[in-house]
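Just below is one structure, and these are the notes that go with it.
4 protein chains.
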Amino acid sequence: MKKILAVTGIRSEFDILLPVLKTLKRNFDVKLVVCGTHLSNWHGNTYESIEQEGFEIADRIDYLLMTNRKTQRSKGLGTLISSLTQTVEREMPNFILYVGDREEAIASSIVGNYLDILTAHIGGGDPVYGNADDPIRFACSELSHIHFSTAQEYANNLINLGEEPKRVVFTGNPALKNIKDTPELSMKDLENSLGISLKKYLVLLKHPLSSEKESAYDQMKITMESLARFCEENSYNVVGIYPNSDPGSYDILKAIDEYKENRSFKFFKTLPRLTFVNLMRNADALIGNSSMGILEAPFYKLPVINVGARQKGRLNAGNVDFVDYDHKNIIEALHKAVFDETYKENIRNLKNPYGDGSADLQISEFLGSLDINDSSWYIKKKIFDQ
Amino acid sequence: MKKILAVTGIRSEFDILLPVLKTLKRNFDVKLVVCGTHLSNWHGNTYESIEQEGFEIADRIDYLLMTNRKTQRSKGLGTLISSLTQTVEREMPNFILYVGDREEAIASSIVGNYLDILTAHIGGGDPVYGNADDPIRFACSELSHIHFSTAQEYANNLINLGEEPKRVVFTGNPALKNIKDTPELSMKDLENSLGISLKKYLVLLKHPLSSEKESAYDQMKITMESLARFCEENSYNVVGIYPNSDPGSYDILKAIDEYKENRSFKFFKTLPRLTFVNLMRNADALIGNSSMGILEAPFYKLPVINVGARQKGRLNAGNVDFVDYDHKNIIEALHKAVFDETYKENIRNLKNPYGDGSADLQISEFLGSLDINDSSWYIKKKIFDQ
Amino acid sequence: MKKILAVTGIRSEFDILLPVLKTLKRNFDVKLVVCGTHLSNWHGNTYESIEQEGFEIADRIDYLLMTNRKTQRSKGLGTLISSLTQTVEREMPNFILYVGDREEAIASSIVGNYLDILTAHIGGGDPVYGNADDPIRFACSELSHIHFSTAQEYANNLINLGEEPKRVVFTGNPALKNIKDTPELSMKDLENSLGISLKKYLVLLKHPLSSEKESAYDQMKITMESLARFCEENSYNVVGIYPNSDPGSYDILKAIDEYKENRSFKFFKTLPRLTFVNLMRNADALIGNSSMGILEAPFYKLPVINVGARQKGRLNAGNVDFVDYDHKNIIEALHKAVFDETYKENIRNLKNPYGDGSADLQISEFLGSLDINDSSWYIKKKIFDQ
Amino acid sequence: MKKILAVTGIRSEFDILLPVLKTLKRNFDVKLVVCGTHLSNWHGNTYESIEQEGFEIADRIDYLLMTNRKTQRSKGLGTLISSLTQTVEREMPNFILYVGDREEAIASSIVGNYLDILTAHIGGGDPVYGNADDPIRFACSELSHIHFSTAQEYANNLINLGEEPKRVVFTGNPALKNIKDTPELSMKDLENSLGISLKKYLVLLKHPLSSEKESAYDQMKITMESLARFCEENSYNVVGIYPNSDPGSYDILKAIDEYKENRSFKFFKTLPRLTFVNLMRNADALIGNSSMGILEAPFYKLPVINVGARQKGRLNAGNVDFVDYDHKNIIEALHKAVFDETYKENIRNLKNPYGDGSADLQISEFLGSLDINDSSWYIKKKIFDQ
């Protein structure tokens with residue numbers, strides 16, 4: 033039985049990994065390395081729910097430093113790379129599997145490269161720009177042996193990078209399966225699980241952008257104030273989730289804290305999937321700058337107001353409205369998303385470029401049939417004139 | 033005055049950096065971070081000569097682990113990334129400058145990316161493959177803000193990767209200046225500086241290849257034995273330099289050690305530049321698998337026998353003969369390089385694709401005129417349809 | 033001029049270091065390494081105020097991991113030791129100076145030991161027990177070359193450990209100078225600087241105890257509830273400061289958070305010294321388990337209710353009442369501290385065993401006159417039959 | 033079944049651990065963490081033989097840095113502490129077991145202290161001084177929960193330190209069992225296993241001393257030259273073992289290398305136990321500064337010439353002659369050890385203070401009967417007036 037070591041560091045990315053791991057477990061020996069925000073109380077100790085899913089934990093790697101300075105990420109990454117090497121040498125998997133553009137992805141790519149262990153990367157080829165994560169994603173693609181891309185256009189980008197075509201597979205976004213498989217909750221049950229009453233509401237997911245870290249507080253303040261005005265005028269509520277742990281997150285939390293007396297807002301550190309998916313299903317719009325707006329909202333046919341430069345460059349299925357940090361523009365975009373029937377109709381009819389929710393099966397099949405004794409998988413060549 | 037922090041970890045790569053740093057010192061505040069093999073007695077403590085060049089040392093970073101296992105490199109890299117972040121935050125340079133495909137290059141790229149400091153990489157776009165270093169080089173290109181490439185063909189490869197053209201400059205190989213500026217030694221003085229007498233001789237530079245680490249000893253043994261036979265038949269000597277510190281180097285040293293009684297061979301841990309350049313100038317051929325055969329030997333018009341797969345994929349100026357690990361093939365290639373007058377004449381007339389030795393000036397001018405307040409330099413976008 | 037490198041990681045310990053550093057600056061080249069909670073937003077970014085004091089910062093070392101698991105401390109300490117070595121080799125001070133029993137103290141002791149640099153430890157010989165910090169303090173004493181002890185009894189303990197007498201100096205607690213030098217604020221100004229109005233109040237400082245981490249939440253809950261009852265019955269207020277960053281602190285914060293609607297309580301992340309000292313001067317009692325109750329409260333002649341096992345074993349000047357986690361006992365102790373006139377009179381007349389506030393001068397004189405070329409300072413011998 | 037995690041980093045200390053581990057395996061779940069020089073080719077890759085002993089390896093931790101600078105040890109120790117914490121959290125043993133005064137001992141003590149896991153230290157209380165390792169040994173004693181001491185005098189020292197008597201057990205040196213259990217080889221077989229012929233010979237074991245690192249080369253040179261003269265005059269041979277990895281070892285190797293043409297000397301990186309023990313049994317004397325001269329040579333009734341300050345302060349069973357670095361003194365001491373029949377007779381009759389070779393059984397019994405749920409074992413108190 034082939035052995036797979038998956039590496040995960042943050043809730044948002046584990047949502048993508050989870051359906052894949054569940055499917056892989058049928059035919060592979062699967063172990064998990066749990067890192068970063070999963071191990072942080074301040075981020076809801078999500079490692080506990082991962083361990084309850086029944087996966088075997090190979091190691092728990094702490095590297096998330098308690099500072100808002102930019103040093104946080106590269107110092108932490110160094111620790112992660114060294115620690116993960118210890119784990120990988122002991123476990124000696126056939127594949128290391130990871131997602132996206134964060135510390136876990138680049139650390140896994142690097143360790144697999146130096147230890148000559150095949151690495152499989154979900155989510156390469158996405159040309160989003162503006163955040164420190166974005167060039168990391170491409171660096172991961174240069175180092176990874178196998179690419180599972182979430183859109184055909186992104187697969188093509190990897191070929192343009194000179195990647196050998198046999199390494200590139202368009203599978204779609206695995207997280208869609210996740211949504212498909214989540215049972216429907218009644219509004220009553222949703223309210224109970226949140227502990228609040230809900231009528232018309234928006235969901236807010238806002239992360240810091242490394243290149244604009246100094247403005248994180250002001251940007252969040254504008255976003256919050258615009259939402260406060262819109263909610264008051266239109267009797268809407270906002271359900272928000274706390275930001276990730278990147279530098280600038282502290283400033284976002286500060287801005288959130290200033291609205292703690294405002295009844296329109298209700299924030300959660302993290303939410304169980306059942307609650308979250310149903311929250312999205314019943315929302316009127318998503319606002320903020322989470323990748324979920326680009327990658328998952330099309331599946332929900334949900335209008336998205338993406339505030340600021342994060343997610344710029346990504347494939348827009350047609351449901352995302354990019355606006356800058358300006359009260360008037362944000363409020364107008366909220367109006368369009370919530371009240372403009374033509375716009376909403378278009379979104380209900382969009383064609384989702386992020387696949388059909390079968391990524392888990394495709395990944396399992398591909399890794400299952402790959403000949404791990406074929407040395408050509410281990411040595412990467414560039415082909416620039418494809 | 034703009035501030036530049038250069039990062040160096042190994043003699044071979046400092047040879048490329050040195051002429052650039054000397055030129056930069058005229059107009060920039062230049063500091064050095066000294067790492068890795070430079071700090072190792074087993075590799076000749078080359079940091080001492082660097083410090084004697086008069087550069088200010090920002091920090092000394094130890095990360096080279098004493099093991100021959102593959103874990104050596106990624107565990108060490110983790111330490112380097114964390115340690116270098118500490119240095120960079122304190123120094124706050126305008127640019128971080130580095131060369132090639134080793135730990136220092138990827139560590140610097142990563143730190144610059146997360147700390148929003150401009151990074152300048154010398155040597156990107158080279159499609160060599162087969163070694164763990166090779167994908168690292170491309171990962172560095174994805175992360176670096178500025179690329180100084182050593183051949184026009186390599187610059188084109190970077191454009192193909194989607195790099196914005198304004199970031200890519202063909203400067204040629206800076207190390208050529210180094211050779212140009214080295215005074216000529218008479219054979220007598222060369223012999224004195226080496227402490228041996230020389231007539232007809234070859235130079236041997238052989239490093240381990242990560243994807244073939246397990247064969248490192250056997251491969252070196254075949255190389256040594258072929259050279260031993262050739263030397264005996266043709267009254268030749270071999271002057272060798274010890275390998276770098278990568279996993280497998282221990283095995284190469286073991287094979288070398290078995291020939292310590294053989295008078296045809298003379299090995300050095302490291303050599304001063306004056307001695308080394310004149311050794312190359314008077315050699316009849318270079319054998320092994322050093323990048324020097326590809327990148328610098330054309331400047332010397334020197335025939336190269338590249339044994340094995342290392343350096344595969346690189347731009348061959350016409351002076352490199354690739355042979356596999358086979359006594360007969362190696363000895364034939366040695367004969368051609370040393371005795372085939374037509375072949376030697378062609379090499380004497382080759383056109384060097386690695387520039388004219390003015391890279392240092394071009395780099396200095398480019399960094400000098402770059403507007404560090406222009407935010408477009410800090411945010412990398414992909415352009416895939418150039 | 034002799035060079036001193038001081039290492040600091042937390043506000044409470046910097047309070048002890050600060051008066052010493054100010055005095056040392058007159059005759060020594062003083063640099064600071066700033067670490068740990070000083071660099072954490074969650075702990076008030078106290079490094080900013082340190083840098084504003086005008087000290088030169090040698091390096092900023094991040095090691096505080098964002099988790100509530102016990103792994104936090106030893107993983108972080110590993111990072112600190114490696115990082116600090118880089119700093120110390122570059123700075124090459126004549127002395128490394130540090131305080132107490134936390135990561136900075138043991139890291140500095142270890143680095144000085146291996147690098148053969150003299151280390152001076154403030155606060156050794158204190159037999160407090162029950163916390164993970166406590167054995168660390170004695171380990172620091174075994175490694176340190178010079179001991180500045182805060183009580184004569186503690187100096188005697190160090191001699192009992194076999195330390196050579198010439199290394200042991202009773203100086204008293206340097207932080208007392210700090211208090212002496214702080215100007216008096218009127219109650220009006222104190223209230224302004226806190227942003228609240230105050231009449232009769234207690235100060236609360238409560239940290240987790242590693243050996244009872246699992247009970248941290250319950251213990252704090254009992255403490256808070258007892259205070260809530262006492263305050264309501266007697267019209268008292270509580271001014272609290274957040275706990276340090278040790279594992280369990282998250283649980284303490286959780287208990288605090290549950291009383292955020294209770295008007296009797298007001299919590300601060302951290303307070304400027306001027307405010308804090310005057311807060312203590314005007315308080316009716318200190319409650320919790322901070323070392324301040326033992327070490328500084330005698331100077332204020334302030335009654336202390338020490339709840340739980342932290343600080344057990346320490347020299348009690350007579351002002352500290354140890355109680356366990358029990359509502360009745362805590363409330364009774366509060367009554368005694370606040371209303372029992374005989375008890376209060378005794379405390380007003382106590383003799384402070386922690387010195388007269390001249391520790392800074394004694395330390396400066398000792399280090400100034402020590403012959404750093406005398407090799408006997410560098411080689412520690414044990415003398416067990418003193 | 034109680035679980036024990038043993039931590040080992042160097043051959044000399046594993047010799048002490050091995051008989052204990054073999055005995056523990058009968059009644060405990062035993063796992064090993066293998067670190068440091070065990071993983072270094074330059075030190076004979078001794079981890080391979082450990083793994084062949086059939087112990088389960090919990091993790092392999094690389095931390096040994098390739099430099100001769102003093103930074104090597106504390107930087108490496110930092111890495112070890114962080115890495116070992118990862119292992120300990122995963123394994124969650126009931127006891128961590130370790131020996132002596134090196135990085136593994138202090139790292140294990142620290143990790144156990146912060147993670148509240150019982151730690152058992154073999155070899156505390158030994159007042160040797162002059163090396164960076166020596167204060168580390170006492171720091172380990174302050175942190176460790178259980179002490180197995182190799183001499184009654186050393187146990188007494190621990191009580192003097194204020195350790196609670198129930199934590200201190202005099203067991204003797206476990207390595208003696210090792211020697212007892214090693215079969216006798218004929219001289220013929222010994223010669224075969226060494227690959228040399230032997231008649232009268234001395235054994236040389238010489239390590240660097242941190243406080244005299246700068247003199248390491250000169251000191252070894254004097255030792256080698258004295259031995260060369262003695263051997264030539266008296267037809268003796270010297271069988272030497274390479275030094276450990278501490279800073280200065282490179283210089284010792286350099287001095288050894290200068291005698292590589294001298295037929296009197298034969299050096300080995302490391303030797304199998306069977307060979308080594310029989311080498312000691314048949315030697316006429318041991319020279320150098322290894323702890324073996326103090327701790328094990330009494331068992332062999334072997335005269336020892338201890339050159340220089342290393343081992344100063346230790347309990348001398350009467351077989352050790354301390355001499356300084358002086359040709360005349362060394363040669364005289366060699367004469368006494370080899371030719372002075374009265375002196376030799378005294379040594380044959382000495383009483384060994386290091387126990388009777390039953391330490392393994394005593395340790396197993398103590399750990400087996402200890403109640404791991406008794407919280408008093410976890411909280412250390414100082415008792416200064418015993």
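In order, the protein sequences belong to chains A, B, C and D. To convert, note that position 24 of the first sequence is 56 in the numbering used here; the numbers rise steadily by one, no gaps. To convert, note that position 113 of the second sequence is 145 in the numbering used here; the numbers rise steadily by one, no gaps. To convert, note that position 180 of the third sequence is 212 in the numbering used here; the numbers rise steadily by one, no gaps. To convert, note that position 209 of the fourth sequence is 241 in the numbering used here; the numbers rise steadily by one, no gaps. Virtual Cβ for every residue (Gly too), placed ideally from N, Cα, C.
Cβ neighbour criterion (16 or more within 10 Å) applied to residue i
i             : result
residue 374/A : exposed
residue 114/B : buried
residue 33/D  : exposed
residue 358/C : exposed
residue 312/B : buried
residue 321/A : buried
residue 118/C : buried
residue 252/D : buried
Beta-carbon proximity check, residue i vs residue j, cutoff 7 angstroms
i             : j             : result
residue 162/C : residue 301/C : no
residue 361/D : residue 355/D : yes
residue 93/A  : residue 67/A  : yes
residue 410/C : residue 204/C : no
residue 230/D : residue 223/D : yes
residue 316/C : residue 238/C : no
residue 330/C : residue 210/C : no
As assigned by DSSP and simplified to three states, the class of residue i
i             : result
residue 181/A : strand
residue 132/B : coil
residue 320/A : strand
residue 313/B : helix
residue 366/D : helix
residue 359/C : helix
residue 405/B : coil
residue 332/C : helix
residue 416/D : coil
residue 109/A : helix
residue 376/D : helix
Practice item. Please determine if the segment 399–412 of chain B and the segment 101–116 of chain C are in contact, where contact requires at least 3 C-beta pairs separated by less than 8 angstroms. Key: no
Check your understanding: Taking contact to mean at least 3 C-beta pairs separated by less than 8 angstroms, is the segment 270–285 of chain D in contact with the segment 377–384 of chain D?
Key -> no
Check your understanding: So does the segment 140–160 of chain D actually touch the segment 175–194 of chain D, counting three or more Cβ pairs closer than 8 angstroms?
Key -> yes
Practice item. Ignoring anything shorter than 3 residues or poking outside the segment 261–307 of chain A, list the beta strand (DSSP E) runs there in chain order. Key: 269–273 and 297–300
Check your understanding: Whole alpha helix (DSSP H) runs in the segment 52–104 of chain B with 4 or more residues, listed along the chain?
Key -> 79–84
Review point. Counting pairs of beta carbons, one from the segment 48–63 of chain C and one from the segment 331–346 of chain C, are three or more of them closer than 8 angstroms?
Key: no
Check your understanding: Can at least three beta-carbon pairs, one atom from the segment 174–185 of chain D and one from the segment 199–219 of chain C, be found at a separation below 8 angstroms?
Key -> no
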